[in-house]
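Q: According to this note's numbering, the sequence shown is numbered sequentially starting from 4.
Note that the Cβ used here is the ideal one computed from N, Cα and C, for glycine as well.
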Amino acid sequence: MAVLSLSYGIISRAAFLQRPREFILLTEQVVKTSGGFNIGEFFPSAPWIQIVAGFKPELERLFIRNDQILQDIINEHKDHAKPKGKEGQGEVAEDMVDVLLKFQDMGGENQDASLTDDNIKAVIEKMFASGGETSANSINWTMAELMRNPRVMKKAQAEVREVFNMKGRVDETCINQMKYLKAVAKETMRLHPPVPLLFPRECGEACEIDGYHHIPVKSKVIVSAWAIGRDPKYWSEAERLYLERFFASSIDYKGTSFEFISFGAGRRICPGGSFGLVNVEVALAFLLYHFDWKLPNRMKTEDLDMTEQFGLTVKRKKDLYLIPSLAT
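1) When the Cα of residue 179 is compared with those of 169, 106, 240, 162, which residue comes out closest?
2) Who pairs with residue 223 in a beta bridge, going by DSSP?
3) What is the residue span of the beta strand (DSSP E) that residue 229 lies within?
4) At which residues does the beta strand (DSSP E) containing residue 328 begin and terminate?
5) Helix, strand or coil, according to DSSP, for residue 14 in the structure here?
6) Within a Cβ cutoff of 7 Å, which residues of the same chain sit near residue 237, ignoring the five residues on either side of it in sequence?
7) Starting from residue 157, follow the alpha helix (DSSP H) in both directions and report where the run begins and ends.
8) Distance check for residue 308 and residue 189, CA to CA, integer angstroms please.
9) Apply the 10 Å Cβ neighbour rule to residue 228 and answer buried if 16 or more other Cβ atoms are within range, or exposed otherwise.
10) Determine the burial state of residue 136: buried for a count of at least 16 other Cβ atoms within 10 Å of its Cβ, exposed for fewer.
11) Could you pull the start and end residues of the alpha helix (DSSP H) that residue 294 belongs to?
12) Among 281, 326, 327, 65, whose alpha-carbon lies nearest the alpha-carbon of residue 141?
13) So, is residue 246 buried or exposed, given that buried needs 16 or more other C-beta atoms within 10 angstroms?
14) Just the C-alpha distance for residue 291 and residue 108, rounded to the nearest angstrom, thanks.
15) Do you know offhand how far residue 295's Cα is from residue 156's?
16) How would you call residue 210, buried or exposed, if buried means at least 16 neighbouring beta carbons within 10 angstroms?
17) Keeping to the same chain, check which residues put their C-beta closer than 7 Å to that of residue 323; ignore five residues upstream and five downstream.
18) As an exercise, report each continuous beta strand (DSSP E) stretch of at least 3 residues that is fully enclosed by the segment 263-317, in chain order.
19) Would DSSP call residue 67 helix, strand or coil?
20) What's the C-alpha gap between residue 99 and residue 249?
21) Taking 7 Å as the cut-off, decide whether the C-beta atoms of residue 106 and residue 118 are in contact.
22) Using 10 angstroms around the beta-carbon of residue 326, count the other beta-carbons present and answer buried if the total reaches 16, otherwise exposed.
23) Consider the Cβ of residue 131: report whether some Cβ of chain C lies at a distance smaller than 7 Å.
24) With DSSP as the reference, please indicate the residues paired to residue 1 in a beta bridge.
25) Taking Cβ to Cβ, would you say residue 187 is nearer than 7 Å to residue 230?
26) For residue 28, which of 167, 60, 69, 319 has the nearest alpha-carbon?
27) Smallest Cα separation from residue 223: which of 71, 200, 8?
28) Compare the Cα-Cα distances from residue 171 to each of 289, 297, 321, 6 and report the closest residue.
29) Return yes when the Cβ of residue 72 is within less than 7 Å of the Cβ of residue 19, no when it is not.
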């Protein structure tokens, strides 16, 4: 929960310069409800089942309330529009809503190029829904993998401390210097992708995939990023944390390497992927720079439970508890 709170705190400061508690709680509930069992999915020709089961009405209620909160925030930003910084006063702090409202104003009379309030709300909702819990889960899984692999933990900490020792603090401008930590994050996302089953897609035309039988037009297709990331056809020692596989490889998660689609691919790739990844890397750098870590109750590394929990995102079935001590 502490890591999840950190993730939402980072996004809140970027989006609103504040922490709207009710909106965050509702977003958490949306993610939890969306990942639940929906019997209506098994009977697409009978939409009334979703209504009777209560799944669709509950989601609609959450979305309506979320929409109201975001509209209030947008209206508040419009009412208190920040004046441009005058010479000698420096720049005025802006959040993402301010920036998006500027684009809305720049659209002017060109309605095709102008952002609507609904567009702005959609961007913010996407940031929270796809960047909060997923980032927190990635941090949790990475710390768990590091605890299971003390050699990797030692090398990652050594790199982070070497990069930031001169400054005495973690600075996101130096993140690109941490090649080893970036490889740790990539390998963890291969093993534990933020969203194991990508959001459903619809076939635009009839096709046949890898010898499978005829797939009709308008069929719903669900791609398993989890299974692809562990496919031994593309990954040697697929079940093992092996960072070195990325050192001499161009494989990346930016949507062009289809054996590694943690954020999806193509035009529908997750727009918040880069933002979420920076959150993960900065948080990990902070945790490794300032603290040394050990398991509680003299637990052995091989006894750490790595069981996954079913849901829209890949959570740990059991919470990760670690004991920090200030780095010396």
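A: In short, the structure shows the following:
1) Considering only alpha carbons, the answer is 162.
2) Looking at the DSSP output, residue 223 shares a beta bridge with 205.
3) From DSSP, residue 229 is part of no beta strand (DSSP E) but of the alpha helix (DSSP H) over 228-232.
4) 326-329 is the extent of the beta strand (DSSP E) around residue 328.
5) Note: residue 14 maps to helix in three-state DSSP.
6) So the list reads 262, once near-sequence residues are dropped.
7) Its alpha helix (DSSP H) spans residues 153-167.
8) Taking the straight line from one Cα to the other gives about 21 Å.
9) Buried.
10) The residue in question, residue 136, is buried, as its Cβ has 16 or more Cβ neighbours within 10 Å.
11) Taken as a continuous stretch (DSSP letters only), residue 294 belongs to no alpha helix (DSSP H), being part of the beta strand (DSSP E) at 294-297.
12) Residue 281 is the option with its Cα nearest to residue 141.
13) Buried, because 16 or more other Cβ atoms sit within 10 Å of the Cβ of residue 246.
14) Cα-Cα distance, rounded: 43 Å.
15) Straight-line Cα distance between these residues: approximately 10 Å.
16) That one is exposed.
17) Apart from the 5 residues on each side of it in sequence, residue 323 sits with its Cβ closer than 7 Å to the Cβ of 143, 146, 147 in its chain, given in chain order.
18) Complete beta strand (DSSP E) runs here, min 3: 294-297.
19) Looking at residue 67 - three-state DSSP - the assignment turns out to be helix.
20) Just so you know, the alpha carbons of residue 99 and residue 249 end up roughly 33 Å apart.
21) At a Cβ-Cβ threshold of 7 Å, residue 106 and residue 118 count as neighbours.
22) Residue 326 sits exposed, since fewer than 16 C-beta atoms from the chains shown fall within 10 Å of its C-beta.
23) The displayed structure is made up of one protein chain only, and chain C is not part of it.
24) Because the chain is modelled from 4 through 331, residue 1 falls outside the range shown and cannot be assessed.
25) No. Outside cutoff.
26) Residue 69 is the option with its Cα nearest to residue 28.
27) The candidate whose alpha carbon is nearest that of residue 223 is 200.
28) Answer by Cα proximity: 289.
29) No.
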